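If you're matching positions, the sequence shown starts at 3 in the numbering used here and goes up one per residue. Just below is one structure, and these are the notes that go with it.
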Amino acid sequence: MRAVVTEGVGAMAVTDRPDPPSPGPGEVLVAPDATGICGSDYHFFTGELSDEAGGSQFPRVQGHEVSGTIAELGPGCRPELATGQRVALWPLHACGECYPCSVGRFNTCDNFQLIGIHVDGGLQERLIMREDHVFPISSEDPAVASMAEPVSIAVRAVERARIAAGERVVVLGAGPIGQCVGLIAIERGAEVLLVDLQESRLALGRELGAETLAWTTADEVVAGARRWAGPAGPPVAVDATGVPAAVRAMIDMVASAGRAVQVGMSVDEVPIRIGSLTEKELDFLGVCCCGTGEFAGAVEVVERNGPALARMISHQFPLAEAPEALRFAMDNPSDVMKVVIRGD
Ligand SMILES: [Zn+2]
Ligand SMILES: [Zn+2]
3 MRAVVTEGVG AMAVTDRPDP PSPGPGEVLV APDATGICGS DYHFFTGELS
53 DEAGGSQFPR VQGHEVSGTI AELGPGCRPE LATGQRVALW PLHACGECYP
103 CSVGRFNTCD NFQLIGIHVD GGLQERLIMR EDHVFPISSE DPAVASMAEP
153 VSIAVRAVER ARIAAGERVV VLGAGPIGQC VGLIAIERGA EVLLVDLQES
203 RLALGRELGA ETLAWTTADE VVAGARRWAG PAGPPVAVDA TGVPAAVRAM
253 IDMVASAGRA VQVGMSVDEV PIRIGSLTEK ELDFLGVCCC GTGEFAGAVE
303 VVERNGPALA RMISHQFPLA EAPEALRFAM DNPSDVMKVV IRGD
């Protein structure tokens with residue numbers, strides 16, 4: 003079978019590998035049909051993934067945003083799984099033994115393994131997964147089905163933020179994750195103000211039901227968010243950029259007793275006024291991947307919002323052009339929303 007292997011820093015090649023064996027008990031052989039590329043893939047490829055995130059270990063088949071077709075079922079899989087079915091893959095393996103696992107927070111497991119990062123992922127023609135990581139999804143378009151993973155991060159963020167109907171929510175960053183946070187918050191009956199540097203991303207956000215504000219400076223954006231949400235500030239703000247100035251703006255704008263939710267990843271540091279946490283008694287909440295229930299919720303979001311999610315997929319490439327696709331995505335950040343690599 004063909005497998006796209008990241009062999010070292012900046013080196014990705016389309017190679018031949020032996021087919022995996024037949025799936026064992028509780029395992030599923032999946033043929034990936036579409037794999038989305040995201041910022042963490044760039045960091046892995048350039049060897050910049052932080053040590054806390056497991057570092058970049060080569061060689062590796064990348065790809066953690068995967069939809070596919072069930073090629074073969076091992077014995078003992080749950081009865082709703084069937085050969086030929088379209089599925090989305092929950093990419094996270096937890097140890098079940100550590101403190102976060104003991105309190106049900108498997109998504110922050112100390113020994114957390116993500117397909118495409120710590121074990122091989124979607125950029126290959128066959129992949130064995132444990133059956134509890136395989137979720138049937140009705141989306142006809144495999145590229146849309148592969149959006150279940152980024153949507154699942156947004157589901158987690160909206161859960162952490164406890165976003166309720168009628169609330170005003172500011173989302174910093176209108177890339178795929180920020181757009182998905184907006185989409186799910188609007189589904190819940192919230193009102194959303196999306197903030198980004200790029201007008202094309204804001205235009206898409208407006209089409210999906212958000213109001214928008216162009217990023218200028220942190221102070222101006224805080225003032226703009228307060229004009230929109232009221233002088234006390236928005237009760238919820240979400241940063242989907244990881245850029246220090248945006249994180250700072252999020253903490254500054256959010257209302258006292260509000261929730262500030264960090265989704266964008268970064269190794270940068272940001273100075274914040276300690277009083278923001280005490281005087282305002284903020285909930286400052288981090289988000290890491292998602293749990294199995296949230297992944298199931300994400301599958302339903304994808305099934306309900308196929309056309310909106312399709313709008314976020316800006317480019318598609320065949321598997322044989324995966325190395326070019328990754329380079330294209332990294333070299334053209336202002337043109338690229340979501341790059342998806344097809345399994346064909
Ligand atoms: Zn991702
Ligand atoms: Zn664990």
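All C-beta atoms in this analysis are idealised placements derived from N, C-alpha and C, irrespective of residue type, glycine included. Just so we're clear, the structure is a prediction, and the values are computed from it rather than from any experiment.
Opposing strand residues paired with residue i [DSSP bridges]
i           : result
residue 239 : 172 and 262
residue 315 : 340
residue 214 : 196
residue 67  : 38
residue 149 : DSSP, once it has assigned bridges, lists no residue as partnering residue 149.
residue 18  : 4
residue 90  : 69 and 137
residue 126 : 5
residue 320 : 344
residue 13  : 10
residue 115 : 95
residue 132 : 29
residue 74  : 31
residue 121 : 117
Any non-hydrogen atom of ligand 2 closer than 7 Å to residue i Cβ
i           : result
residue 99  : yes
residue 112 : yes
residue 93  : no
residue 291 : no
residue 79  : no
residue 96  : yes
residue 23  : no
residue 103 : yes
Exposure of residue i, with buried meaning 16 or more beta-carbon neighbours within 10 Å
i           : result
residue 148 : buried
residue 39  : buried
residue 69  : buried
residue 114 : buried
residue 281 : exposed
residue 77  : exposed
residue 154 : buried
residue 295 : exposed
residue 315 : buried
residue 236 : buried
residue 261 : buried
residue 239 : buried
residue 307 : buried
residue 216 : exposed
residue 361 : Residue numbering for the chain in the displayed model covers 3 to 346; residue 361 lies beyond these limits and cannot be assessed.
residue 344 : buried
residue 144 : buried
Contact set for residue i: own chain, Cβ-Cβ below 7 Å, skip 5 residues either direction
i           : result
residue 17  : 5 and 7
residue 133 : 28, 29, 30, 79, 80 and 83
residue 304 : 139, 141, 146, 147, 149, 150, 153 and 311
residue 175 : 198, 241, 242, 243, 248 and 266
residue 191 : 167 and 168
Residue i CB to nearest heavy atom of ligand 1 below 7 Å
i           : result
residue 40  : yes
residue 236 : no
residue 151 : yes
residue 67  : yes
Sequence-distant residues of its chain with Cβ nearer than 6 Å to residue i (five each side left out)
i           : result
residue 193 : 170
residue 58  : 46, 49 and 51
residue 65  : 37, 118, 123, 124 and 125
residue 127 : 3 and 4
residue 162 : 263, 287 and 289
residue 247 : 220
Residues near residue i by beta carbon distance below 8 Å, same chain, minus five either side
i           : result
residue 107 : 293
**Asked** Whole alpha helix (DSSP H) runs in the stretch 250 to 302 with 4 or more residues, listed along the chain?
**Response** 277 to 280
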